[in-house]
Amino acid sequence: MKITFPHMGNTYLPVKAMFDDLGVDVITPPINSKKTLEIGTKYAPEQICLPMKINLGNYIQSIEKGADTIVVTGSCGPCRYGYFMEVEREILKDLGYEVEIISLEAPDGDIKEFYNRVSQMLETKNIFKIVKTFKNAFGILKKIDEIEEKVLKYRPYEKNKGEIDKIYNHLIDQLRKSTGSKEMLQYIKEAEKNFMNVALEKRQDVLKVGIIGEIYTIIEDFSNIDIGKKLNNLGVEVHKSHSTSGWVLEHLFYESIGRSREKDIRKAAAPYVKTMVGGHGRETVGNAILYAKEGYDGLIHIMPFTCMPEIVAMSILPKIQNDYHIPILTLIIDEMTGEAGYITRLEAYIDLLRNRRDKFQNEKMLSWS
Amino acid sequence: MKIGIPRGLLYDHYQFLWKSFFENLGAEVVISQKTNKKIVDDGVAVTVDEACLPVKVYHGHVMDLRDKVDFIFVPKIMSIHEKEYICPKFCGLPEMIKTSISNLPTIIDPTIDFIKNKKHLLEIVYEIGGYVTYDKRKIRLSFEEALKSHQNYKNKMKQGFFPMDLDKKHEEKHEAKHKEDTQKILLLGHPYNIYDEYLSMNIVEKLRKYGMTVITQDHFSKDQINPQMNELQKKMFWTFGRKMLGAALYAMEQEDIQGIIYLSSFGCGIDSVIADIVERRTRRNSKKPYILLTMDEHTGEAGIDTRIEAFVDMIKWRVENENYVSTHGQYISAR
Ligand code: SF4
Numbered sequence: 091m092k093i094t095f096p097h098m099g100n101t102y103l104p105v106k107a108m109f110d111d112l113g114v115d116v117i118t119p120p121i122n123s124k125k126t127l128e129i130g131t132k133y134a135p136e137q138i139c140l141p142m143k144i145n146l147g148n149y150i151q152s153i154e155k156g157a158d159t160i161v162v163t164g165s166c167g168p169c170r171y172g173y174f175m176e177v178e179r180e181i182l183k184d185l186g187y188e189v190e191i192i193s194l195e196a197p198d199g200d201i202k203e204f205y206n207r208v209s210q211m212l213e214t215k216n217i218f219k220i221v222k223t224f225k226n227a228f229g230i231l232k233k234i235d236e237i238e239e240k241v242l243k244y245r246p247y248e249k250n251k252g253e254i255d256k257i258y259n260h261l262i263d264q265l266r267k268s269t270g271s272k273e274m275l276q277y278i279k280e281a282e283k284n285f286m287n288v289a290l291e292k293r294q295d296v297l298k299v300g301i302i303g304e305i306y307t308i309i310e311d312f313s314n315i316d317i318g319k320k321l322n323n324l325g326v327e328v329h330k331s332h333s334t335s336g337w338v339l340e341h342l343f344y345e346s347i348g349r350s351r352e353k354d355i356r357k358a359a360a361p362y363v364k365t366m367v368g369g370h371g372r373e374t375v376g377n378a379i380l381y382a383k384e385g386y387d388g389l390i391h392i393m394p395f396t397c398m399p400e401i402v403a404m405s406i407l408p409k410i411q412n413d414y415h416i417p418i419l420t421l422i423i424d425e426m427t428g429e430a431g432y433i434t435r436l437e438a439y440i441d442l443l444r445n446r447r448d449k450f451q452n453e454k455m456l457s458w459s
Numbered sequence: 093m094k095i096g097i098p099r100g101l102l103y104d105h106y107q108f109l110w111k112s113f114f115e116n117l118g119a120e121v122v123i124s125q126k127t128n129k130k131i132v133d134d135g136v137a138v139t140v141d142e143a144c145l146p147v148k149v150y151h152g153h154v155m156d157l158r159d160k161v162d163f164i165f166v167p168k169i170m171s172i173h174e175k176e177y178i179c180p181k182f183c184g185l186p187e188m189i190k191t192s193i194s195n196l197p198t199i200i201d202p203t204i205d206f207i208k209n210k211k212h213l214l215e216i217v218y219e220i221g222g223y224v225t226y227d228k229r230k231i232r233l234s235f236e237e238a239l240k241s242h243q244n245y246k247n248k249m250k251q252g253f254f255p256m257d258l259d260k261k262h263e264e265k266h267e268a269k270h271k272e273d274t275q276k277i278l279l280l281g282h283p284y285n286i287y288d289e290y291l292s293m294n295i296v297e298k299l300r301k302y303g304m305t306v307i308t309q310d311h312f313s314k315d316q317i318n319p320q321m322n323e324l325q326k327k328m329f330w331t332f333g334r335k336m337l338g339a340a341l342y343a344m345e346q347e348d349i350q351g352i353i354y355l356s357s358f359g360c361g362i363d364s365v366i367a368d369i370v371e372r373r374t375r376r377n378s379k380k381p382y383i384l385l386t387m388d389e390h391t392g393e394a395g396i397d398t399r400i401e402a403f404v405d406m407i408k409w410r411v412e413n414e415n416y417v418s419t420h421g422q423y424i425s426a427r
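Going down the list, the protein sequences come from chains A and B.
Residue numbers for the first sequence follow my numbering, beginning at 91 and rising by one.
Residue numbers for the second sequence follow my numbering, beginning at 93 and rising by one.
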């Protein structure tokens, strides 16, 4: 058995560590590229959303490298994500690939059932070992999330441009080459130390932007054309409202993320969205409000073309924009999204935020005099 | 007091339930006009481009009622069956309406969510009825009475009628019922697409004019649909997705159904999944002609007509030629 899985941000690193620790043959799909998307677009239904197109590309590229088992996560609707695997099964069958698709999920938070499925898949009864390896991998994932969060936050404040990237890229490179979680943790520790030594400077002109919207396009930088870095380069501090570790908890165990934070999000959203609307539509609205209250300069709402829950959110965001006086830019992404047009829109939006802030500050000064 | 009901989305299916319920309670009910150009244009103007046509049109229906009534009934229909949803957009419908349309009268927007069970049904009924009267007994009786009309309607549908056939005269109704000697076509699609004469560009009538009998997923029984769906590895969690896919899988094996048409909305997430599986399975397991028609506000009638015509030609051709060929084939294998 040769296992593969879909890409989403940096999850492939801890996932690989986990399978390595368990001694399972794993084939990491080639890093997302134009080619991946091309393959996915070619074989996926035309109007399916971007995440599935990229996933399908991942599977086919892995199968070509010898994978025969695909491990995915599930969900029970109403967003179509939960039905990806059935469509993918049909497509791969029509293409003549003989692969098995295994869905790892713990329906209704049934963690025991989850570990049962894992042990069945791995043909081992050693649940203890599985749990331990899973925990280690999850620890790594959380650490990587923290690092990413800091990178997006501090990059615009660097004294020596490029220093953070250098450490970060080096780390990812090392993680890619390592086998097992122990080795990875070692490298992460080193990188953390190096990050501490990065010289930062205070800058008043840095803007703060929150990224809200659909989780895959927020996390997977290939799909969002590396929005975080692009904004950082424009002198913007960035915070993403979704992280992979949160996603893992939510999808494997149907467990809610960050508990208290999530309650706040829902509470904030309540006057505008009363119930869940599938995917993270309600969270998008709630996060928008929280960011606005926290004093962010602007919000970028990012979503795949035809994403149902985010279309609901998108319809409601203009009201948040008015009620909370925060400019929101919606970016809809599909396989045709071109980098040039995308950058122009980002730049125009950031200009707008800058002017707004200057104007706001001038007004404040005037009112003082 | 006047209560408006938009003639969009699940209106057709629940028309008798909702209308009689409010009327039994003593309210005057106003239904928005049948979908027309103005309703479509109005809806398109206030919604985000990315929304699907039926949701846009629903907005148009609400706008049609806006100045005519005291209340508009816009239920938040999240789930009508255990462990099944309809669509994320249904979950956020009242919210979308309230943010996109200004100067609305009071919106009656109960949450209907039977994802776990139907225990709350009566509570919801009281909540809705509470807008008209405090008399709980009256609310309950009005609802029970309305349920009868609803059941009656459902039975008619099972007999092969379409919602639009119901306003027809008696003889025409008879015509509409399926005849044994015609060719049968399965028309799949969300009910608000296939039964809305304007949005569907009258596809049912068009097919009937070609001498076809049209059936939809709603004309199949649970016993026909459920066994097909139980074979799938992942439980289907969309109510209409389940009906459509189940009907298609069943129809594939029925000799007397000659072809399948799927009428989808551009940008509909559910259709994108179901139509793809239906197409793959149909091509793999049967020789029945299959076409996918996708609509949005820019779809031209001429293009649809051409495709329907080609589809009908194909079916007629197959009936004339292939039946002969297949008997011939049997002869060969018998020898
Ligand atoms: S099911 Fe499809 S057509 Fe119906 S509201 Fe949802 S997205 Fe629109």
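For every residue, glycine included, the Cβ atom is placed at its ideal position computed from N, Cα and C.
None of the values given here were measured: they were computed from a predicted structure.
What runs of the beta strand (DSSP E), each 3 residues or longer, lie entirely inside the stretch 365-433 of chain A? 388-394, 418-423
What is the C-beta distance between Val-105 (chain A) and Leu-212 (chain A), in whole angstroms, given that I count them as a contact (C-beta under 8 Å)?
-> So it is not a contact: roughly 14 Å between Cβ atoms.
Fill in: Beta carbon of Asn-195 (chain B) nearer than 9 Å to that of Arg-158 (chain B)
Contact: yes.
Let me confirm a value: Glu-291 (chain A) is counted as buried when at least 16 other C-beta atoms fall within 10 Å, else exposed. Which label applies? Around the C-beta of Glu-291 (chain A), fewer than 16 other C-beta atoms lie within 10 Å, and the residue is accordingly described as exposed.
_Alpha-carbon spacing of Gln-422 (chain B) relative to Val-166 (chain B), whole angstroms_ = With a pLDDT of 40 at Gln-422 (chain B), under the threshold of 50, the modelled position of this residue cannot be trusted; read the value that follows with caution. C-alpha separation (whole angstroms): 57 Å.
- Listed from N- to C-terminal order along the chain, which residues in the stretch 323-345 of chain B have their beta-carbon within a distance smaller than 9 Å of any beta-carbon of chain A? Against chain A - using a Cβ distance shorter than 9 Å - the residues of the stretch 323-345 of chain B are Leu-324, Gln-325, Lys-326, Lys-327, Met-328, Phe-329, Trp-330, Gly-333.
Discussion item. Given this structure, state the Cα-to-Cα distance separating Thr-131 (chain A) from Ile-144 (chain A), to the nearest angstrom.
Written reply: About 8 Å.
Please report the distance separating the alpha-carbon of His-163 (chain B) from that of Glu-327 (chain A).
A quick correction: the sequence has Phe, not His, at residue 163 (chain B). About 46 Å.
Among residues of its own chain, excluding the 5 on either side of Pro-120 (chain A), which ones have a beta-carbon nearer than 6 Å to its beta-carbon? Answer for Pro-120 (chain A): Gln-151, listed in chain order.
Tell me the start and end of each unbroken beta strand (DSSP E) in the stretch 379-412 of chain B that is at least 3 residues and wholly inside, in chain order.
382-387
Requested in this report: Determine contact between the stretch 309-326 of chain B and the stretch 335-345 of chain B, defined as no fewer than three beta-carbon pairs at a distance below 8 Å.
Outcome: Contact annotation: the stretch 309-326 of chain B touches the stretch 335-345 of chain B, with at least three C-beta pairs closer than 8 Å.
Next on the checklist: Going by C-alpha to C-alpha distance, which of B:Val-224, B:Arg-372, B:Gly-135, B:Ile-400 sits closest to Glu-120 (chain B)?
Outcome noted: B:Val-224
Strictly under 9 Å for the Cβ-Cβ distance: is Ser-313 (chain A) near chain B by that measure?
no
On a CA-only basis, which of B:Leu-117, B:Ser-124, B:Asn-116, B:Met-93 is nearest Asp-104 (chain B)? Give me that one, please.
Among B:Leu-117, B:Ser-124, B:Asn-116, B:Met-93, the Cα nearest to that of Asp-104 (chain B) is on B:Ser-124.
Check: Taking 8 Å as the cut-off, does the CB of Tyr-342 (chain B) come closer than this to any heavy atom belonging to the ligand SF4?
Finding: Because no heavy atom of the ligand SF4 lies under 8 Å away, the Cβ of Tyr-342 (chain B) does not count as near it: no.
Please tell me whether Arg-101 (chain B) and Ile-169 (chain B) are closer than 9 Å, where the distance is taken between their beta carbons.
The sequence as given places Leu at residue 101 (chain B); Arg does not occur at that position. Yes, the Cβ-Cβ distance between Leu-101 (chain B) and Ile-169 (chain B) is below 9 Å.
Can you give me the C-alpha to C-alpha distance between Gln-294 (chain A) and Gly-325 (chain A), rounded to a whole angstrom? Taking C-alpha positions only, Gln-294 (chain A) is separated from Gly-325 (chain A) by approximately 10 Å.
- Cross-chain neighbours of Val-502 (chain A) in chain B, by beta carbon under 7 Å: A question about residue 502 (chain A) goes unanswered here, because the residues of chain A that appear run from 91 up to 459.
query = Cβ-heavy atom distance between Leu-355 (chain B) and the ligand SF4 below 8 Å?
reply = Because no heavy atom of the ligand SF4 lies under 8 Å away, the Cβ of Leu-355 (chain B) does not count as near it: no.
query = Thinking C-beta only, is Thr-94 (chain A) closer than 9 Å to Thr-159 (chain A)?
reply = Cβ atoms of Thr-159 (chain A) and Thr-94 (chain A): closer than 9 Å.
TODO: Give the single residue among A:Tyr-171, A:Ile-153, A:Ser-165 whose Cα lies nearest to the Cα of Pro-141 (chain A).
DONE: A:Tyr-171
inquiry  = Assuming Glu-174 (chain B) and Lys-208 (chain B) are in contact, meaning their beta carbons sit under 8 Å apart, how far apart are those beta carbons, in whole angstroms?
reply    = That pair is a contact at about 7 Å.
key: Outcome for Thr-126 (chain A) when other beta-carbon atoms lying within 10 angstroms are tallied against a minimum of 16   = buried
* Which residues in the same chain have their Cβ closer than 6 Å to the Cβ of Asp-110 (chain A), if we skip the five residues on either side of it in sequence? -> In its chain, beyond the 5 residues on either side, Thr-269, Gly-270 have a beta carbon closer than 6 Å to the beta carbon of Asp-110 (chain A).
**Study point:** Cβ distance (whole Å) where Ser-356 (chain B) is taken to contact Leu-337 (chain B) below 8 Å
**Key:** So it is not a contact: roughly 13 Å between Cβ atoms.
For the ligand SF4, I want to know if Ala-332 (chain B) counts as a neighbour, meaning its beta carbon is within less than 8 Å of at least one of the ligand's heavy atoms. Note that residue 332 (chain B) is Phe in the sequence shown, not Ala. Yes, the ligand SF4 has a heavy atom inside 8 Å of this Cβ.
At the level of alpha carbons, what is the spacing between Leu-261 (chain A) and Asn-226 (chain A)? 18 Å
Among B:Lys-335, B:Leu-291, B:Lys-326, the one whose alpha carbon lies nearest that of Thr-391 (chain B): B:Leu-291
Practice prompt. Pick out whichever of A:Trp-337, A:Ile-315, A:Thr-334, A:Phe-450 has its Cα sitting closest to the Cα of Gly-427 (chain A).
Written response: The question names Gly, but residue 427 (chain A) in the sequence shown is Thr. The closest CA to that of Thr-427 (chain A), considering only A:Trp-337, A:Ile-315, A:Thr-334, A:Phe-450, is found on A:Ile-315.
What residues in its chain sit with their C-beta under 8 Å from that of Ile-204 (chain B), if we drop five residues either side in the sequence?
Pro-167, Lys-168, Ile-169, Met-170, Ser-171, Ile-172, Ile-216
- Task: Compute the Euclidean distance between the alpha carbons of Thr-101 (chain A) and Ile-193 (chain B), then round it to the nearest angstrom.
- Result: 42 Å
**Prompt:** So does Tyr-284 (chain B) have its beta carbon nearer than 8 Å to some heavy atom of the ligand SF4?
**Reply:** yes
**Asked** Which residue from A:Glu-437, A:Tyr-432, A:Ala-359 puts its Cα closest to that of Leu-407 (chain A)?
**Response** A:Ala-359
Q) Lys-173 (chain A) versus chain B: which residues are under 7 Å apart at the beta carbon? A) Checking the sequence shown, residue 173 (chain A) turns out to be Tyr, not Lys. Chain B residues near Tyr-173 (chain A): Lys-326, Val-365.
Examine chain A for any beta-carbon lying closer than 9 Å to the beta-carbon of Val-417 (chain B), and answer yes or no.
-> Confidence in Val-417 (chain B) is poor, its pLDDT being 47 and thus under 50, which makes the residue's placement too unreliable to answer from.
Quiz prompt | Inter-stretch contact at 8 Å, needing at least 3 Cβ pairs: the stretch 386-394 of chain A / the stretch 301-308 of chain A | solution = Output reads yes: the stretch 301-308 of chain A touches the stretch 386-394 of chain A.
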